[in-house]
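First the structure, in the form of structure tokens, and then the observations on it.
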Amino acid sequence: MKECERHGSTLAQARAGQADAHAAECDRCRDTLAVVDALAHLSADANRLPAPAADARVLFLRSRFVARLQGEQRRAERSERPLVFARVAALAVMAGVIVWTLLGGTTVEAPAGAASSAASLLYALSRLALWPLVVGTLAAVATARFLWVED
Amino acid sequence: MRPLRAYLLRLGGDAAVADDVLQETYIRYLGMEPAHRERFPERPLLFRIATNLMYDHFRRKSRDERAVRGLWPFRTDERPRPVEGGDVARAFATLTERERSLLWLAYVEEWRHDEMAPCLGVRPASVRVMLFRAKSALARVLRKRGLGPKEAS
Ligand SMILES: [Zn+2]
């Protein structure tokens, strides 16, 4: 399963279109000669075959064009990210403010006799002005993760 | 472009397939992130993409053929697919895809073993043995078909 030790020199000769006495004697080197010969023939033949249905250059230019489009699309998506991010963050903060207002905001007095501790806890939470900000931040982080996770 | 097309043509035996794969290869190549693309020399990378695409094509084709044979209740003759080129091309087409890739990259492209390994998805150490086997296989087919080198010149 090993190549002849004179494989290198036989190969060089085969490419030059020659063969010495060893190459003519040695089985493995004869194989090398035959294979180099056959492949040179196949290569020349393949290069002679009619040009592809669409000219190779056109194929190349077209694929380059497609690639440029793809690149531009990717770039456009990427440049839109801050905008999408800002929009989602703003919406989230707004939603937080609305919920906060609905739950009482700062203007409403605490219910006189908060029936359950859960209700009073909810009320206490709604009193915190940080609340909308927390929701906004969480939403922004989630969005950022979603948008930038591919990079 | 031309050497790659010649390679694909001989690997696939069919100009239409070769051209499809060629185009897809360039699309993949140019669609790669430039930073990633520029990290490797162009030619080996193109050959590597093309080889993988061609192997995908062979896999898909043999799966489809198996599926069709499964549906067809009668025995069908395995007819050799037409190969473009002469007797030598037909002899070459009897080898496996991997043998064809190996021989082409080694004897036409004149790549070193360590350059061929990543393209074929094998370890560099295996290339030597596989290439020797492929060479013997092709020489055997050529001899059997009387296509050996011109005797004693
Ligand atoms: Zn020898």
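Residue numbers (our numbering), protein chains in the order written: chain A, 41 to 191; chain B, 740 to 892. The beta-carbon is built from N, C-alpha and C at its ideal position, and this holds for glycine as well. Because the structure is a prediction, the values reported are computed rather than measured.
Ligand 1 heavy atom lying under 7 Å from the CB of residue i
i: R68/A; result: yes
i: R46/A; result: yes
i: T50/A; result: yes
i: H62/A; result: yes
Chain A within 8 Å of residue i, Cβ atoms only
i: I766/B; result: yes
i: R749/B; result: yes
i: R741/B; result: yes
i: G887/B; result: yes
i: A754/B; result: yes
i: A856/B; result: no
i: G745/B; result: Reading off the sequence, residue 745/B comes out as Ala, not Gly. Chain A contact via Cβ: present.
Alpha helix (DSSP H) segment containing residue i, residue limits
i: E45/A; result: Unbroken run through E45/A: none, as it is neither H nor E.
i: A754/B; result: A754 to G770
i: C69/A; result: D67 to R88
i: M855/B; result: H852 to L859
i: F779/B; result: No alpha helix (DSSP H) contains F779/B, which DSSP labels as neither H nor E.
i: D826/B; result: D826 to A832
i: A845/B; result: Run containing A845/B: none; DSSP gives neither H nor E here.
i: L747/B; result: R741 to G751
i: L870/B; result: P863 to K883
C-beta neighbour in chain B for residue i, strict 8 Å
i: A89/A; result: Before going on, a small fix: residue 89/A reads as Leu here, not Ala. Cβ-Cβ to chain B under 8 Å: yes for L89/A.
i: V148/A; result: Since pLDDT at V148/A reaches only 46, below the 50 mark, its modelled position is unreliable, and no value is offered.
i: V106/A; result: yes
i: D71/A; result: yes
i: G53/A; result: The amino acid at residue 53/A is misidentified as Gly; the sequence shows Gln. So no, Q53/A is outside the interface.
i: L187/A; result: no
i: S49/A; result: no
i: Q110/A; result: yes
i: D85/A; result: yes
i: H81/A; result: yes
i: E65/A; result: no
i: A133/A; result: Reading the sequence as shown, one finds Val at residue 133/A and not Ala. Not closer than 8 Å to any Cβ of chain B, the Cβ of V133/A fails to qualify, so no.
i: A56/A; result: no
i: V76/A; result: yes
i: E43/A; result: yes
Chain E contact for residue i (CB, 8 Å cutoff)
i: V847/B; result: Annotation note: the requested chain E is absent from the structure, which comprises protein chains A and B.
**Request:** Below 9 Å between beta carbons is the criterion; list the residues of the segment 858-877 of chain B that meet it against any residue of chain A, in chain order.
**Result:** R867, V868, L870, F871, R872, A873, K874, S875 and L877
**Prompt:** If you measure beta-carbon to beta-carbon, which residues of the segment 825-844 of chain B are closer than 8 Å to chain A?
**Reply:** G825, V827, A828, A830, F831, L842 and W843
**Proximal residues, the segment 770-798 of chain B versus chain A, C-beta separation under 7 Å** = G770
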